[in-house]
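Residue numbers (my numbering): 7 to 428. Glycine is no exception: its CB is placed at the ideal position from the N, C-alpha and C atoms. One structure below.
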């Protein structure tokens, strides 16, 4: 007999780890798709790559699976790489040899993607990256890697300095600036010390002249070189401070210009990889954090550099649900669309209609129970005060004395069991 398990109960049976990834069902332009969610502190390069392939419908995951392991993902992507790059046949051309070399390199890199990816962006353009062996993975999968950390051409001084530099080279320039500042401070301290001991400015000048040849002889940079290094370092530091989010306005404009309509790619920012899509002129990032596992939110609109973005559903509508109930019902509707979507096959697609309805019914009942459990109980309604008591004016001094006497009389009456009034 077939066992039907509620979706949330099945999710709760396994723990999210960095080698075991949860699967979420969404609707992508009217078709059912499955995407991978990122666990806490888990790697993201392989997830972003797999999500692009899943949205393209180039790879598939079994419909009844709710989790997938890292090794299974590597096997799936490796198989797709091998099958999609066999066009060269046995031809001994140089291109075929390069293709085989890159393919072998990619197959070696994929199993190591659970610890990250060596990516070094360059500030001259949204697709400018320093070439590494890891970049061949994106090339062979026909996935474009983007970033938005671009220097403005209008800032001529910064652009001339940074346009052809990578992030690693910029870090080296900043280290050189700090070393130059250290030498300058040391020289200033020596001059001040010599001036204080001899008590004359001429002695200090003599000490500086004496120190200069020894520095040159030791191979240290000259004062002019240090001044240039510090000037360039300050320009670089200013650019990094102004673009601390690693997304500049010029980079955002460059992304809008270079990404094609409905093109899927991978967006790199702050050592994180996201699947990205352009739709109707707007850029969207796929929401793959584990917190979106049961949410109807699917996309994050990339329209601000400071992180003040909007979240959207599968139809790219801005999230306006004011309660968890609306969000959960939308999530249930998304799963329903996934189950009834045709053309993708899978074990769930072969279920009978009664079984499908039972799955949906169990899921919706569970969602409603969770909403009722989270909703705080309504506070007990306080009885209304008498209308006269609410509107009665404050007593005057004589009235207060009368009230006090009445209270005193009531207290005395309470002390007696029987009281006869003459």
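Given a threshold of 16 other Cβ atoms within 10 Å of its Cβ, counted over all protein chains shown, does residue 81 qualify as buried or as exposed?
It counts as exposed.
Use the C-beta contact count for residue 153: other C-beta atoms within 10 angstroms, 16 or more gives buried, fewer gives exposed.
Label assigned to residue 153: buried.
List the DSSP bridge partners of residue 135.
Looking at the DSSP assignment, residue 135 forms a beta bridge with 127.
Going by C-alpha to C-alpha distance, which of 316, 179, 114 and 302 sits closest to residue 291?
Considering only alpha carbons, the answer is 316.
Spatial neighbours of residue 199 within its chain, please: CB distance less than 8 Å, with the 5 preceding and 5 following residues excluded, ordered by chain position.
Hits under 8 Å: none found.
With distances taken between CB atoms, is the gap from residue 281 to residue 109 smaller than 8 Å?
No.
For the stretch 251 to 267 against the stretch 190 to 197, do three or more pairs of beta-carbon atoms, one drawn from each stretch, fall closer than 8 Å, so that the two count as touching?
The stretch 251 to 267 is not in contact with the stretch 190 to 197.
Could you give the residue range of the beta strand (DSSP E) that holds residue 288?
Here the beta strand (DSSP E) through residue 288 covers 288 to 292.
Mark residue 186 as exposed unless 16 or more other C-beta atoms lie within 10 angstroms of its C-beta, in which case mark it buried.
By the neighbour-count rule (16 or more Cβ atoms within 10 Å), residue 186 is buried.
Would you be able to state if there are at least three C-beta pairs under 8 Å between the stretch 270 to 287 and the stretch 136 to 152?
Cβ pair count under 8 Å is three or more, so yes.
To the nearest angstrom, how far is it from the Cα of residue 299 to the Cα of residue 134?
Approximately 33 Å between the Cα atoms of the pair.
For the structure I just gave you, are there three or more beta carbon pairs, one from the stretch 63 to 76 and one from the stretch 28 to 45, closer than 8 Å?
Taking 8 Å as the limit for Cβ pairs, the verdict is that the stretch 28 to 45 does touch the stretch 63 to 76.
So is the beta-carbon of residue 74 under 7 Å away from any non-hydrogen atom of the ligand MN?
The ligand MN is not part of this structure, which contains no ligands at all.
Give, in chain order, every unbroken run of the alpha helix (DSSP H) that is at least 4 residues long and sits entirely within the stretch 234 to 321.
You should have 255 to 264.
By a C-beta neighbour count over all protein chains shown, 10 Å radius and 16 as the cutoff for buried, is residue 164 buried or exposed?
It is buried - the Cβ of residue 164 has at least 16 other Cβ atoms within 10 Å.
Have a look at residue 121 and residue 262 and give me their C-alpha separation to the nearest angstrom.
Approximately 31 Å, taken between the alpha carbons.
List the whole-angstrom C-beta distance separating residue 83 from residue 50, where the pair is believed to meet the contact cut-off of C-beta under 8 Å.
Not a contact, Cβ separation roughly 14 Å.
Kindly give me the distance between the Cβ atoms of residue 140 and residue 123, rounded to whole angstroms, as I take these residues to be in contact under 8 Å.
Correct: roughly 5 Å between the Cβ atoms.
Sorted by chain position, which residues of the same chain lie with C-beta nearer than 7 Å to residue 129's C-beta, five sequence neighbours on each side aside?
Only 155, 156, 157, 168, 169 and 171 meet the Cβ criterion.
Skipping 5 residues on each side, what residues in its chain have a beta carbon closer than 7 Å to that of residue 275?
Closer than 7 Å at Cβ, skipping near neighbours: 153, 154, 252 and 253.
If we count the other Cβ atoms within 10 Å of its Cβ and call it buried at 16 or more, is residue 59 buried or exposed?
Classification for residue 59: buried.
Less than 8 Å separating the beta-carbons of residue 42 and residue 249?
For residue 42 and residue 249, no; Cβs fall outside 8 Å.
Using only CA atoms, which one of 91, 175 and 111 lies nearest to residue 148?
The residue with the shortest Cα to Cα distance from residue 148 is 91.
Considering only the alpha carbon of each residue, which of 201, 238, 284 and 302 lies closest to residue 182?
The shortest C-alpha separation from residue 182 is found at 238.
Helix, strand or coil, according to DSSP, for residue 44 in the structure here?
Strand at residue 44.
Among the candidates 184, 131, 126 and 105, whose CA atom is the shortest distance from the CA of residue 173?
Checked all of 184, 131, 126 and 105; the closest Cα to residue 173 is 126.
First and last residue of the beta strand (DSSP E) that includes residue 152?
Note, residue 152: beta strand (DSSP E), 151 to 153.
Give me the Cα-Cα distance between residue 229 and residue 235, rounded to the nearest whole angstrom.
Each residue's alpha carbon lies about 10 Å from the other.
Among 326, 64, 52 and 178, which residue has its Cα nearest to the Cα of residue 78?
Considering only alpha carbons, the answer is 52.
In whole angstroms, what is the alpha-carbon distance linking residue 25 and residue 54?
The alpha-carbon atoms of residue 25 and residue 54 are separated by roughly 15 Å.
Would you say residue 283 lies against chain C (beta-carbon separation less than 8 Å)?
The displayed structure is made up of one protein chain only, and chain C is not part of it.
Excluding the five sequence neighbours on either side, which residues of its own chain have a C-beta within less than 8 Å of the C-beta of residue 244, listed in chain order?
164.
Can you give the Cα-Cα distance for residue 227 and residue 233, rounded to whole angstroms?
Approximately 10 Å between the Cα atoms of the pair.
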